[in-house]
Amino acid sequence: MAEIVQFVHRGAAQVTPKILEGIHRKLPMLKIEFAQINAPNHPHLVEQLEFLADVVEDNVEGADKEVPLFVVAEAAFALAYAHKQRDLIPDSNVQFGYADDSAVVRAVLMENERVLADYAKRHKLNWKKITVKP
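Everything in the sequence shown is counted per my numbering, starting at -13 for the first residue and increasing by one.
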């Protein structure tokens, strides 16, 4: 997992305010795209992507500025990565196609657990359901 975390950190470091705005503009389309993901091996991926999309959206729109910018950048990177059709494991690979997307999303959730759990609490979201904790 350490390699995935480093990958996320490097990717998030490239997220500029301009890129963040671009991702924000694409969020309605991305949310529709993510809702159509069929990944039986990663049943919580869609909900986790929607959660990260909400984090980005709330930050850019000023509805929640308590999430640090580096966490928002990591969330934005995860969304952009999941959107890419040609990534480490192509999404067209039925059995394993979303494994890398899920790993990137999980890395963001795990690395920023305290901040994102607080965000979920402020917005009355079930953090345990998002992170699939018993």
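From the three backbone atoms N, C-alpha and C, an ideal C-beta is built for every residue, glycine too.
Taking C-beta separations shorter than 7 Å and ignoring five residues to either side along the sequence, the partners of ASN45 in its chain run LYS51, VAL53 and VAL58, following chain order.
When rounded, the separation of the alpha-carbon atoms in THR117 and LEU65 is 16 Å. Take the alpha-carbon of PRO3 and the one of VAL(-9): they are about 22 Å apart. If the five residues before and after LEU35 are omitted, its C-beta is found closer than 7 Å to the C-beta atoms of PHE20, LEU65, ALA68 and VAL91, all from its own chain and listed in chain order.
Pairing LEU95 with ASP86 gives a Cβ-Cβ distance that is not under 7 Å.
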